[in-house]
Each structure stands twice: as C-alpha cells, then as structure tokens.
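Below is one structure, written out as structure tokens; comments come after it.
2 protein chains.
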Amino acid sequence: MTYTVQIKVMPLKELLDPQGKAIVGGLQNLGLDGIEDVRVGKNISLQINAGSPDQAKQIAEEASKKLLANPVMEYFEVSVN
Amino acid sequence: MTYTVQIKVMPLKELLDPQGKAIVGGLQNLGLDGIEDVRVGKNISLQINAGSPDQAKQIAEEASKKLLANPVMEYFEVSVN
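These protein sequences, in sequence, are chains S and G. Using the numbering used here, the first residue of the first sequence is number 148, and each one after it goes up by one. Using the numbering used here, the first residue of the second sequence is number 148, and each one after it goes up by one.
Below, the structure is given as structure tokens:
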C-alpha cells in the first residue's frame, strides 16, 4: 500500500534562525504585530510503498537520517497519514 | 496568550518539483526503494500573541498571504497547536 508520509525538518532550538528573524521583521513592517518567534524549516511529503504504516515510518526515518536532515543543525519529525 | 502556529507552504500539485525529484533519485542511489513521489515545501513555526486560537489562525493566514506564500506557485495550510 502507498502511505503519505510528512517529514518536518526544523533548525535545532539552540541555533539562531536568521531566516525566521527576517520574517519577524518583514511582518512588523507589514503592520502585523504580535508575532514573536519564527523558525523556518522544511516540510517534505513522500509517497511510500510499504507493508504497514510502521514500515513506512521506518523508511522515512532512514531517509531523513541518510539524506534529508543534517543532525548538526536540524531535527526531524515523521508523521504517517 | 501565546499560541504556537505551524504554517505549511507546499508547491501546488500541478507544478513539477525538481527538488523533490532530486530527492527521489538520491534515495534510490542510497538503496532506499519504495519512495515514489516527493515534494518539498516550507514549514514555518510562529509564536503568536493573540486573544484566541481563531485570532492566532487569522493572523497566520494574513502573514501567509502577505509574505510567506507565493499563491502563483504555492498553497499553504495553517494549524494552531
């Protein structure tokens, strides 16, 4: 069966996120207040052929470790729909 | 109150996603089979000061329309945690 898997790759909380800081500034310039902290990461959506949701999740985690996320700067979360 | 809002910005389904295609190829080269379609977008996490979750969602949607998503190439989804 084909499962849709979402992988969220975000910068580690300990690190500065300059892109997020730029967005906070941009939104303030546009008159949107109340937005405090912004962090920008990737969202990767995959169609995975697997025998079970657990197996699909396992494949996605392996893909994240091997290619999609850089553990020095990023963490990832996998969710199977 | 401060709400954590996630905005998912993804390329429109009608458009090719070359970054996603490159990931499919890269994962096959790494020996990970069964991955068919990959699409890469952004995940933006915001801390928003608002009176209610609905208001926080509204602010996030306005931010997406004004700055974060390009409606010609992308769609967005907002979720409030």
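For each residue, glycine too, the CB sits at the ideal point set by N, CA and C. Note that this is a predicted model, so its numbers are computed, not measured.
Pick from G:154, G:219 and G:148 that is closest to residue 226 (chain G), judged by C-alpha positions:
G:154
Interface partners of residue 225 (chain S) on chain G, CB under 7 Å
The premise fails here: residue 225 (chain S) is roughly 13 Å from chain G at the closest Cβ pair, so nothing lies under 7 Å.
Three-way DSSP call (helix, strand, coil) for residue 229 (chain S) in this model:
Residue numbering for chain S in the displayed model covers 148 to 228; residue 229 (chain S) lies beyond these limits and cannot be assessed.
In or out: residue 233 (chain S) buried (at least 16 other Cβ within 10 Å) or exposed?
The requested residue 233 (chain S) does not occur in the structure, where chain S is confined to residues 148 to 228.
Which one or two residues does DSSP pair with residue 225 (chain G) in a beta bridge?
G:154
Am I right that residue 216 (chain S) and residue 182 (chain G) are in contact with their C-beta atoms under 8 Å? What's the rounded C-beta distance?
15 Å between Cβ atoms; not a contact.
Partner residues on chain G for residue 157 (chain S), Cβ-Cβ distance less than 9 Å
190 and 192
Buried or exposed: residue 219 (chain S), going by 16 or more other Cβ atoms within 10 Å of its Cβ?
Residue 219 (chain S) is exposed by the Cβ-count criterion.
Cα separation between residue 222 (chain G) and residue 164 (chain G)?
14 Å
So the alpha helix (DSSP H) residue 208 (chain G) belongs to, where does it begin and stop?
200-210
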